[in-house]
Amino acid sequence: MTAAYREEAEQLDRAILEAIRRWHAHDIPLSDAQFNELALHVFAHQLRYNAPYASYCAQKGFTPDRLPQSWEEIPPLPSAALKEATLATFDPRDAALVFETSGTTQGESGRHYMESGALYDAASLAAFDRFMLPDHVQLRYVNLVPNPAENPHSSLGYMMRHVSALLGDSETGWFIHDGTLQVDALIGEIEAAVEHDRPLLIATTAFALVHLLDALDERKRYFALPAGSRFMETGGFKGRSRYVDRHELYASAARRFGIALGSIVAEYGMTELASQYYDDVLLRQARDAATEPRYKQCGPWMRTRVVGPDGRTLAHGKVGALVHVDLANRSSVVAIETEDLGVQFDEGLVLMGREAGAQLRGCSLTAEDLLTR
Amino acid sequence: MTALQGVASRRIVAAVADAAARWTDADFPPRVRLLDPIVERTGYSLPVVEYALDQLFGSITRAALEATIESELGSLDVLDAPQTRSGRTRALALPIGSVCVISSRTTIGVSIVPAVLALCAKCDVLVKDREDGLVRTFFATLSEELDACASAARAEQWESESDAVELQAFDAVVAFGSDATLASIARTVGPGRFIGFGSKATVGYVSREALRGEAEARAIADGAARDLVLYESEGCLSLHALFVEEGGAIGVPAFCEMLAAAVERAEVEFPPGQRDAHVNSRVASARNLAAFRSATGSGAVFSNERATYLAVLDPPQSEPPAFLPRALAVRSVGSTADALAYLRRHAVPIEAVAAAATDDALLAFAIDAGANRIARFGELQRPPLEGNHGGRARIADFVRWLSVENA
Numbered sequence: 079m080t081a082a083y084r085e086e087a088e089q090l091d092r093a094i095l096e097a098i099r100r101w102h103a104h105d106i107p108l109s110d111a112q113f114n115e116l117a118l119h120v121f122a123h124q125l126r127y128n129a130p131y132a133s134y135c136a137q138k139g140f141t142p143d144r145l146p147q148s149w150e151e152i153p154p155l156p157s158a159a160l161k162e163a164t165l166a167t168f169d170p171r172d173a174a175l176v177f178e179t180s181g182t183t184q185g186e187s188g189r190h191y192m193e194s195g196a197l198y199d200a201a202s203l204a205a206f207d208r209f210m211l212p213d214h215v216q217l218r219y220v221n222l223v224p225n226p227a228e229n230p231h232s233s234l235g236y237m238m239r240h241v242s243a244l245l246g247d248s249e250t251g252w253f254i255h256d257g258t259l260q261v262d263a264l265i266g267e268i269e270a271a272v273e274h275d276r277p278l279l280i281a282t283t284a285f286a287l288v289h290l291l292d293a294l295d296e297r298k299r300y301f302a303l304p305a306g307s308r309f310m311e312t313g314g315f316k317g318r319s320r321y322v323d324r325h326e327l328y329a330s331a332a333r334r335f336g337i338a339l340g341s342i343v344a345e346y347g348m349t350e351l352a353s354q355y356y357d358d359v360l361l362r363q364a365r366d367a368a369t370e371p372r373y374k375q376c377g378p379w380m381r382t383r384v385v386g387p388d389g390r391t392l393a394h395g396k397v398g399a400l401v402h403v404d405l406a407n408r409s410s411v412v413a414i415e416t417e418d419l420g421v422q423f424d425e426g427l428v429l430m431g432r433e434a435g436a437q438l439r440g441c442s443l444t445a446e447d448l449l450t451r
Numbered sequence: 009m010t011a012l013q014g015v016a017s018r019r020i021v022a023a024v025a026d027a028a029a030r031w032t033d034a035d036f037p038p039r040v041r042l043l044d045p046i047v048e049r050t051g052y053s054l055p056v057v058e059y060a061l062d063q064l065f066g067s068i069t070r071a072a073l074e075a076t077i078e079s080e081l082g083s084l085d086v087l088d089a090p091q092t093r094s095g096r097t098r099a100l101a102l103p104i105g106s107v108c109v110i111s112s113r114t115t116i117g118v119s120i121v122p123a124v125l126a127l128c129a130k131c132d133v134l135v136k137d138r139e140d141g142l143v144r145t146f147f148a149t150l151s152e153e154l155d156a157c158a159s160a161a162r163a164e165q166w167e168s169e170s171d172a173v174e175l176q177a178f179d180a181v182v183a184f185g186s187d188a189t190l191a192s193i194a195r196t197v198g199p200g201r202f203i204g205f206g207s208k209a210t211v212g213y214v215s216r217e218a219l220r221g222e223a224e225a226r227a228i229a230d231g232a233a234r235d236l237v238l239y240e241s242e243g244c245l246s247l248h249a250l251f252v253e254e255g256g257a258i259g260v261p262a263f264c265e266m267l268a269a270a271v272e273r274a275e276v277e278f279p280p281g282q283r284d285a286h287v288n289s290r291v292a293s294a295r296n297l298a299a300f301r302s303a304t305g306s307g308a309v310f311s312n313e314r315a316t317y318l319a320v321l322d323p324p325q326s327e328p329p330a331f332l333p334r335a336l337a338v339r340s341v342g343s344t345a346d347a348l349a350y351l352r353r354h355a356v357p358i359e360a361v362a363a364a365a366t367d368d369a370l371l372a373f374a375i376d377a378g379a380n381r382i383a384r385f386g387e388l389q390r391p392p393l394e395g396n397h398g399g400r401a402r403i404a405d406f407v408r409w410l411s412v413e414n415a
């Protein structure tokens, strides 16, 4: 890449990292003006160096010579586009991090290339620390997510390795092996934690949690986890043959492990983004025992619009699709459009889930029917 | 003995046709009263609902009923007394007994046609649905035309699993629903006949000969647009994919533009229905993904700001039909072999094929695709009563034959 590119990229990365650091260390958020200015700089940078995204934006009327006035005007790229093109401001062969989407029922997976790990590391650590560890405790991490040793392109596995290495007690355990939950080893770990009164942070996909609860039910095992223990649950049931209502799942986990519902935190992230959202339940616990609704919050370097089919931002309280503008995506695409539904409130974002779908009508063909053949 | 067994078949046919005729009147009070509930249940716009009711009841005429019965059973009289059939033994067509028609969640009134044909076969009929009272109200009209129908034709709410055991008591069960629903019902039906109408799709095929001029192409586009927008692409007779041969006087991209313009015109007559936020987001996302592909040199996309419709030219072959409301992929093909390869790749079960005309190649394509019907563009959503929906007989499943060899 040219020296001009390098200088610009480094300058942007420094500014974004500083924004993350100020919030993480000093709770100083980015102002609206600061976010807008940085977002538009990142967007202009991507118009210059990310050719496929620039072509898409040109179709929407934006070029390096004709930039939007507001971050809300930045054309969001449908997340599925990452399955079809290399979307990076740099040569992907030089990527420091490559994360793959879990694929679709058509078997195609997308790749998110990141030029440096610094932004991802800082963004994920700061948000995790804020929303999962507001009490600043050091916990033992029990990971029921893909082990990066086996799945080097799993963003979730990478994130958990990163945060548990920096924030955990150095005895992190991984309990998914070859895609299979290691139930007996996990039970041993939990028993030891209970015996030594060692609180755990159990990071799990929703699907793994369902399997764990099934396995414990079969064994008729209940636990009373040490005080301070918590769960981080992530992901839905998209593409899975089984769906469990989230409220039921959390209630079941709370009963099974002897913890409060407010100790279960849903993380919302996606491979296409470098930053994550979290339920604010642990943050709220000090002042408010209620866990519902679960408002989601993120670091101030990411903002989200709830949009209608015309792409316009909907008023607070209206259900629409989520468009995320994530400054930590500096080297890929800053604005990502998802099919996830949510509602914006003053208190935060309420995620409506990824499983909702049109109901089926008889004597007709639906994608769901077709794709399960 | 069924409730209608002592009634002459012509009397039943007349009653059904007369009741249907009353429902074709847009000002018929029971019909007017049901419009809002149907709009609310389906989410379709009022003109679409009105069209559906016109089409449904307009197809149930005396002539169509008689033609259907005569073509499948030989004559109407065979339902009343033993008849000599051409080249076969003398026989009587008796009602199979009790028939249950289940529509777990369908477009509008799809259970009515099998129900009235089962009644014409003198069966007792119970329709179980989750609908809006349409069947029950139509049966009330039918009872006004023929008293015996009050006990022969009943409609109840379908309560799913709690009803499953009762199905074993029926001699035949007709079910409309998703594949999973049908499989579940089929498991609970006893030794009686199970007639399932599952998930299917419909495709259109435009040959290069059909695109010989602008007027011809425009007519096809207008018809395809109507087939697309009716019932928000949810019916098995909605247009779900369109194959267009390259090399016509009108090129595929130009035809796609015509189609988009035709859809915009069709949306004036049939405005889009209500969509939930999830469907809205899926359509908008599909439109934006197609726009991305177009910007990076692949295909083209035609839509509007609110994404009320979507026509995508040449999306990747790896992509199955979208099955989103008013969304259609237009695929350039060299021949029917390309279209067939696509359908096989995605294992799409086909109900119907729309085409401007049927030549040998189109006929072979429809056969190979497993289609049950070939129709003109614009006529997909007007299936004739005497047709063979789902590739099945209309009334033959509701009778059992008694041969009388010594007469």
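First to last, the sequence lines map onto chains A and B. Here the first sequence stands for residues 79 to 451, where the numbers follow our numbering. Here the second sequence stands for residues 9 to 415, where the numbers follow our numbering. We put the CB at the ideal spot given by N, CA and C, even for glycine. Computed from a predicted structure; not experimentally measured.
Annotated as distal: ALA160(B) and ALA257(B), with beta-carbon spacing of 9 Å or more.
Positions of the beta strand (DSSP E) runs, each at least 3 residues long and wholly inside the segment 330-390 of chain B, are given as 335-341, 358-363, 381-383 in order along the chain. About 18 Å separates the beta carbons of PHE113(A) and SER409(A), which is beyond the 8 Å limit, so they are not a contact pair. Chain B places a beta carbon closer than 9 Å to that of ASP418(A), counting this residue as a contact.
Unbroken alpha helix (DSSP H) stretches of 4 residues or longer found wholly inside the segment 126-204 of chain A: 129-137, given in chain order.
Residues of chain B whose Cβ lies closer than 7 Å to the Cβ of VAL397(A) are, in chain order, ALA285. GLN89(A) counts as exposed, since fewer than 16 other beta carbons sit within 10 angstroms of its beta carbon.
Using beta-carbon distances, GLY313(A) does not count as an interface residue toward chain B, since no partner is under 9 Å. Measuring C-alpha to C-alpha distances from LEU287(A) to each of GLU326(A), HIS274(A), ALA302(A) identifies GLU326(A) as the nearest.
Under a criterion of Cβ atoms nearer than 9 Å, the residues of chain B adjacent to ALA159(A) are, in order, ASN296, LEU297, PHE300, ARG301, THR304.
DSSP, reduced to helix, strand and coil, places SER241(B) within a helical segment of the structure shown.
Taking LEU222(A) as the centre and dropping the five residues before and after it, the same chain places the C-beta of PHE253, ILE254, LEU259, LEU264, ILE280, ALA281, THR282, THR283, ALA286, LEU287, LEU290 closer than 8 Å to its C-beta, in chain order.
Look at the beta carbons and you see the segment 399-408 of chain A not touching the segment 9-27 of chain B: under three pairs across the two are nearer than 8 Å. Using a CB distance cut-off of 9 Å, LEU155(A) counts as an interface residue toward chain B. Under the 10 Å beta carbon count, ASP33(B) is surrounded by fewer than 16 other beta carbons and is classified as exposed. Judged by DSSP secondary structure, LEU90(A) falls within the alpha helix (DSSP H) whose first and last residues are 81-104. Below the 7 Å Cβ cutoff, chain A contributes GLU417 as neighbours of ARG290(B), in chain order. Considering only ALA329(A), ARG381(A), PRO387(A), THR382(A), the residue with the shortest C-alpha distance to ASN312(B) is PRO387(A).
Burial state of TYR300(A) is exposed, judged by a 10 Å Cβ sphere holding fewer than 16 other Cβ atoms. DSSP, read as helix, strand or coil, puts TYR300(A) in coil. Only buried fits PRO333(B), as 16 or more other CB atoms lie within 10 angstroms of its CB. Under the Cβ distance rule, SER293(B) counts among the residues neighbouring chain A, one pair being separated by less than 9 Å. When C-alpha distances from SER187(A) are compared across GLU178(A), SER194(A), GLY195(A), GLU193(A), the shortest belongs to GLU178(A).
Burial is judged here by how many other beta carbons sit within 10 angstroms of a residue's own beta carbon; PRO323(B) has at least 16 and is buried. With the criterion set as a beta carbon lying under 7 Å from some beta carbon of chain A, the members of the segment 303-323 of chain B are ALA303, THR304, GLU313, ARG314, ALA315, in sequence order.
By the rule that beta-carbons nearer than 9 Å mark a contact, TYR328(A) does not touch chain B. Around the beta carbon of VAL40(B), a 10 Å sphere encloses fewer than 16 other beta carbons of the protein chains shown; the residue is thus reported as exposed. Annotation: PHE147(B) to LEU43(B) spans about 17 Å, alpha carbon to alpha carbon.
For ALA129(B), the CB contacts under 6 Å within the same chain, skipping 5 residues up- and downstream, are PRO103, ILE403, PHE406, VAL407 in chain order. The beta carbon of ASP404(A) sits no closer than 9 Å to any beta carbon of chain B.
Listed along chain B are LEU297, PHE300, ARG301, THR304, SER306, PRO324, each with a C-beta nearer than 9 Å to that of GLU162(A).
Between ILE120(B) and VAL143(B), the beta carbon gap of about 6 Å places them in contact (Cβ cut-off 8 Å).
When only Cα atoms are considered, ALA364(B) and PRO261(B) end up about 19 Å apart. For the 9 Å CB-CB criterion, LEU217(A) and GLY306(A) form a contact.
Relative to LEU197(A), the option among ARG99(A), THR312(A), GLN375(A), LEU234(A) whose CA is nearest is ARG99(A).
Ranked by how close their Cα comes to the Cα of LEU175(A), the residues LEU95(A), LEU400(A), GLY195(A), VAL120(A) have GLY195(A) in first place.
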